[in-house]
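K.L.:
Protein chains in written order, with my numbering: chain W, 1 to 599; chain B, 1001 to 1197. C-beta atoms are modelled at their ideal positions from N, C-alpha and C, and glycine is treated no differently. Below is one structure. I have some questions about it.
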Amino acid sequence: MRILKKPALILTFVLSPLFLSGSLHFTNVTQKNNVGGYSYFGAHGICWVDVNNDGKLDLYIKNQDAKGVLNVENILYINYGSIFSDEAFLRGVSDAYPTGTHGGVFADLDNDKDFDLFSTTTYGNISPSYNHIYENDGTGYFQDITDNISPSQDIDTFSRGVAAADFDGDGDIDLYFSNPLSEAKPFSTQPSPPKQLKNFYMNNGDGTFTWTYRGIEWIGFVQGVSAVDIDQDGDIDIAEAKWAPPSTIYLNDGNGYFHKAGGSLGLPLTINVKDNGMSFADLDNDGDLDFAVIGGHRIDIYKNNEGIFQKYNSMSTVGSNSGFHCCFGDFDHDGDLDLYESGGYFYQNDGQGNFIYVSLNVSALMASLNTVDPRSSALGDFDGDGDLDVYIADRRGYNVLLRNDIDDSNWIQVEVLSDQTGGTGGIGTKLWLYEGGHLGESGFLKGFREITGEYGYLAQDMPAAHFGVSQSSAYDLKIEFLNGEQRVINSIVPGQKIQTAYILPPINLTGERKVNRALFYYENVIQLTWNANPDNENISKYRIYRVEQWRKLDYVDEVSAENLVYHIRNTSSNTQYIFAVTAVDNNNIEGAPAYVTVE
Amino acid sequence: MRKARTCFFIFFLFAAMLYAGNEEIKSSRLSVAGGAYFMQDEVFKEVYGDSAWVFYGEYSYRLPFLLNRHIEIGVEYRFLSDKGKLTVTKEEVDLAISDFTLSLRYLFDLKRFIIFIGPGLDYIIYKEKYPPTFPVSSTKGSVLGFSFQGGCYYDFSSSLGAKVCVKYSHAQAEEGSVKADLGGIGIKAGLVFRFNL
């Protein structure tokens, strides 16, 4: 167990049962859900993602540096409702290469509405040490498509944090990875002379990737990478937490080329601080992204003041660990983002972005503090009860799953079924939640979220926005996709998960069995009928899919936008069928599917 | 097709006129007729409509029986062709039915009017063609049926006359699990050319 630096806090958690009322309450459900990992440990990063499209969040653990294990496998815990089962090897994403994985992110790389995986390999004096891309078949089984990277990888990489977003705005998700160099220990305390190394896999939209350099020089060891629209100009920027050089921000020029801008945005230029992660969130509900940087035994919190960041708070991290990751979530559903330091304490937001230690029930606090070498932690609603649960990666101990026990309906979740790329996940999508009837009025803003991939130190939260709200009100939501297109959903009642899309599904989809008769022969057909969604524009056609396994879409046909009926031919009269219909716009961007089951 | 049929009628009428005025009793009749067939099958009605045009050609031979009463044996060819639409997808389908009827008729002469009535045995050949999207491209088959018809001839002359007839047919075709009732009522009218072999 780590040495706790704050005796007062020890006293606090000893006394915490006395003032549980109003405090957070978590339960350590690691054993119950069988998600502790393996005795060789080695966990660094975490992704909460639904890989098999069954509506339940699965859990991917990125392992590296496991004791006594050379080709350490990553873990893919499939969520079966009451228990998780590691199926990483079975499903093709164990990614067991020397000496394991740090960064990895799930994103829909081929716009087929499932989450593919980009997983790094960390060089450890054993070659080859290449990054890998895995394509999801829609059911959570993956195929290694690393060979689709061109030119082929020919150097080992020391990848840590990664990022996934449509950096060049061309309608597909590109990939960025840190430390593209084959130094076994690039941990110099002094910044390196800049090196222009290829560190992007730019998505060509046809399943291939071009390995290229886009302006982010390597100037020293990088830990976590975050990718959000920091300057709010409609493209995705990149922030890197570094050890020797100061952590910094690289601004995107809109075409996927970057320039360093940390100092000009107010970030410190101090060297050798050993930052591990930068986490961006709207901490004061003013509609822009603030951030916290963690490492060097402290968490510094910066407020975004019209594009310039100003440090206004600093907290010590817990124990001997220098602090690897902090994440923001509204754990208590009071309408502002609270802070959790991975393997440490929970801090409550006072509504102005100031964080105050909040009491936690002893068992959960102990589970957090007893982690031996906590690295990442990620937030996801694994049990579907609307609140944010926490998973903590422990490099030298068993991982921990803390279930949030808050029992209310004071929440709204928003899932982006498909975005401006046509893919799922909504990376780069911004969401503003307003008090009902006050859309766009800053004084009534109740929360701002931007959906991202991996952030902080190797963490990927569930791909949905979570808002804590007051149950007595209804809310209006403004959604802005990365290309600037906006959608509005009015009068949202708390306690529900909203699904939205850049192109919405057709409405009133029905499937009816019919007999298509001639005089001497007949066939059983299923007649699909639907209506155009009035909120969609410029729809050119509809695509029809058969769904043999839940949400695995097998293409059947497409019809022009004038046709709102389709016949599935020659069907069996005693087989249950599931079909999906999507709308496709003039730019060939495909929307979210509508489903129908024909008994 | 319609033009060809018209030409054929004109030609036949012209040929028949050449023989007009010959008062010799002639035992053979060659007739062509057209009409409508009202098939009673509900699916037929849904796919092809309530009725279809039908064309007939017949050779018959009259046998003396009693004064003003005769027996006539006829061999008739009937052809029905129609286009319809599948019941759900509304794609076009084609139906062709040919049948050969061997009939035995009782004739009753009333000067220029000759009333006839009698049964027949039908051999029906059918073919239905489907669109490429259908599970099969076509269905072909044949079936035996029977018919009963009644009508009358009207002789313009010893060589040329007219014929009006109502024919009820009964035939059940079966293709796999599909049963089609090819029976129904046909109404036809046409010209008759009389001659001796």
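Within 9 Å (strictly less), CB to CB, does Glu1058/B reach chain W?
P.N.:
Counting from one through the second sequence, the residue named residue 1058/B turns up at place 58. It does not: the Cβ of Glu1058/B has no partner Cβ on chain W nearer than 9 Å.
K.L.:
Is it buried or exposed, Gly1021/B, if we count other Cβ atoms within 10 angstroms and call 16 or more buried?
P.N.:
Against the second sequence, residue 1021/B aligns to sequence position 21. Residue confidence for Gly1021/B is low, a pLDDT of 43 falling below 50, so the modelled location carries little weight; the figure read from the coordinates is stated next. Exposed: under 16 other Cβ atoms inside 10 Å.
K.L.:
Starting from Val559/W, find everything on chain C with Cβ-Cβ shorter than 8 Å and list it in chain order.
P.N.:
As a matter of chain content, chain C is missing from the structure shown, whose protein chains are W and B.
K.L.:
So, does the CB of His333/W fall closer than 9 Å to a CB anywhere in chain B?
P.N.:
If you number the first sequence from 1, residue 333/W lands on position 333. Not one chain B Cβ lies under 9 Å of His333/W.
K.L.:
I'd like to confirm the pairing. Which residues does DSSP put opposite His1070/B in its beta bridges?
P.N.:
As a first step, residue 1070/B is located in the second sequence; it is residue number 70 there, counting from the start. His1070/B is bridged to Pro1064/B and Leu1107/B.
K.L.:
For Arg569/W, return the contacting residues in chain B, with the cut-off set at a CB-CB distance below 9 Å.
P.N.:
To locate residue 569/W, count along the first sequence from 1; it is residue 569. The contacting residues are Thr1089, Thr1133, Phe1134 and Pro1135.
K.L.:
Does the beta-carbon of Glu1076/B have 16 or more other beta-carbons within 10 angstroms, so that it is buried, or is it exposed?
P.N.:
Residue mapping note: residue 1076/B aligns to position 76 of the second sequence, counting from 1. When all chains shown are included, Glu1076/B counts as buried.
K.L.:
I'd like to know whether the C-beta atoms of His1070/B and Leu1107/B end up nearer to each other than 9 Å.
P.N.:
Locating residue 1070/B in the second sequence gives position 70, counting from the first residue. Locating residue 1107/B in the second sequence gives position 107, counting from the first residue. It is a contact, given that the beta carbons lie within the stated cut-off.
K.L.:
Quick one: is Gly344/W buried, meaning 16 or more other Cβ sit within 10 Å of its Cβ, or exposed?
P.N.:
In the first sequence, counting from the first residue as 1, residue 344/W sits at position 344. Label assigned to Gly344/W: buried.
K.L.:
What residues in the stretch 1039 to 1069 of chain B have a beta carbon less than 8 Å from any beta carbon of chain W?
P.N.:
Going along the stretch 1039 to 1069 of chain B in chain order, one finds Asp1041, Val1043, Phe1044, Glu1046, Val1047 and Tyr1048 with a Cβ nearer than 8 Å to chain W.
K.L.:
Could you check whether the Cβ of Leu1095/B sits closer than 9 Å to any Cβ belonging to chain W?
P.N.:
Taking the first residue of the second sequence as 1, we reach residue 1095/B at position 95. Judged by the 9 Å Cβ criterion, Leu1095/B is in contact with chain W.
K.L.:
Rounded to the nearest angstrom, how far is the Cβ of Asn570/W from that of Pro1135/B, given a contact under 8 Å?
P.N.:
Stepping through the first sequence from its first residue, residue 570/W is reached at position 570. Stepping through the second sequence from its first residue, residue 1135/B is reached at position 135. That pair is a contact at about 5 Å.
K.L.:
Would you mind telling me which residues of chain B sit closer than 9 Å to Arg517/W, beta carbon to beta carbon, in chain order?
P.N.:
The residue you call residue 517/W lines up with position 517 of the first sequence. Val1043, Glu1046, Val1047, Leu1086, Thr1087, Val1088 and Val1178, listed in chain order.
K.L.:
Would you please state the rounded distance, in angstroms, between the beta carbons of Ser359/W and His325/W? I believe it to be under 8 Å.
P.N.:
Here residue 359/W corresponds to residue number 359 of the first sequence, with the count starting at 1. Here residue 325/W corresponds to residue number 325 of the first sequence, with the count starting at 1. Rounded, the Cβ-Cβ distance is 22 Å, inconsistent with contact.
K.L.:
Among residues of its own chain, excluding the 5 on either side of Pro268/W, which ones have a beta-carbon nearer than 7 Å to its beta-carbon?
P.N.:
Against the first sequence, residue 268/W aligns to sequence position 268. Closer than 7 Å at the Cβ level, and outside the excluded window around Pro268/W, lie Pro246.
K.L.:
Between the alpha carbons of Ser1028/B and Tyr1126/B, how many angstroms are there, rounded?
P.N.:
If you number the second sequence from 1, residue 1028/B lands on position 28. If you number the second sequence from 1, residue 1126/B lands on position 126. Their backbone Cα atoms lie some 29 Å apart in a straight line.
K.L.:
Are the stretch 162 to 171 of chain W and the stretch 77 to 90 of chain W touching by the rule of at least three beta carbon pairs closer than 8 Å?
P.N.:
They do not touch, by the three-pair rule.
K.L.:
Lys198/W CB to nearest chain B CB: under 9 Å?
P.N.:
Locating residue 198/W in the first sequence gives position 198, where the first residue counts as 1. So no, Lys198/W is outside the interface.
K.L.:
DSSP state of Asn148/W, grouped into three classes?
P.N.:
Within the first sequence, residue 148/W is the residue found at index 148, counting from 1. It is helical.
K.L.:
Let me know the secondary structure DSSP gives Tyr357/W once reduced to three states.
P.N.:
Here the question's residue 357/W lines up with position 357 in the first sequence. Three-state result, Tyr357/W: strand.
K.L.:
Assign Val1043/B to one of three DSSP states: helix, strand, or coil.
P.N.:
To locate residue 1043/B, count along the second sequence from 1; it is residue 43. Note: Val1043/B maps to helix in three-state DSSP.
K.L.:
CB of Lys56/W to nearest heavy atom of the ligand NAD: below 8 Å?
P.N.:
In terms of ligand content, the structure shown is empty, and the ligand NAD therefore cannot be addressed.
K.L.:
Use the C-beta contact count for Ala1016/B: other C-beta atoms within 10 angstroms, 16 or more gives buried, fewer gives exposed.
P.N.:
Against the second sequence, residue 1016/B aligns to sequence position 16. Model confidence at Ala1016/B stands at a pLDDT of 48, short of 50, so the residue's coordinates are unreliable; what they give is reported in the following sentence. When all chains shown are included, Ala1016/B counts as buried.
K.L.:
Let me confirm a value: His567/W is counted as buried when at least 16 other C-beta atoms fall within 10 Å, else exposed. Which label applies?
P.N.:
Along the first sequence, read from residue 1 onward, the residue named residue 567/W stands at position 567. Buried, by the Cβ-count rule.
K.L.:
What's the C-alpha gap between Ser1147/B and Ala1173/B?
P.N.:
Counted from its first residue, the second sequence places residue 1147/B at position 147. Counted from its first residue, the second sequence places residue 1173/B at position 173. In a straight line, the C-alpha of Ser1147/B is about 15 Å away from that of Ala1173/B.
K.L.:
For Leu339/W, count neighbouring Cβ atoms within 10 angstroms of its own Cβ and tell me buried if that reaches 16, exposed if not.
P.N.:
Counting from one through the first sequence, the residue named residue 339/W turns up at place 339. By the 10 Å Cβ count, Leu339/W comes out buried.
K.L.:
Within its chain, find whatever has a CB closer than 6 Å to the CB of Tyr398/W; leave out the 5 residues flanking it on each side and keep chain order.
P.N.:
Here residue 398/W refers to the residue found at position 398 of the first sequence. Here the set comprises Gly36 and Gly37.
K.L.:
Short of 6 Å in beta carbon distance, which residues of its chain neighbour Cys1165/B, apart from the five on each side in sequence? Order them along the chain.
P.N.:
As a working mapping, residue 1165/B is identified with position 165 in the second sequence. Taken in chain order, the residues that qualify are Gln1149, Gly1151 and Lys1188.
K.L.:
Name, going along the chain, the residues of the stretch 492 to 525 of chain W whose beta-carbon falls closer than 9 Å to a beta-carbon of chain B.
P.N.:
Going along the stretch 492 to 525 of chain W in chain order, one finds Lys514, Val515, Asn516, Arg517, Ala518, Leu519, Phe520, Tyr521, Tyr522, Glu523 and Val525 with a Cβ nearer than 9 Å to chain B.
K.L.:
Do the CB positions of Gly1162/B and Leu1191/B come within less than 9 Å of each other?
P.N.:
Within the second sequence, numbered from 1, the residue matching residue 1162/B stands at position 162. Within the second sequence, numbered from 1, the residue matching residue 1191/B stands at position 191. Looking at the sequence shown, residue 1162/B is not Gly but Ala. The answer is yes: Cβ separation under 9 Å.
K.L.:
Please state the DSSP three-state secondary structure of Leu283/W.
P.N.:
In the first sequence, the residue the question calls residue 283/W occupies position 283. Correct three-state label for Leu283/W: coil.
K.L.:
How is the beta strand (DSSP E) around Leu431/W delimited, first residue to last?
P.N.:
As a working note, residue 431/W is residue 431 in the first sequence. Element bounds for Leu431/W: Lys430 to Glu435.
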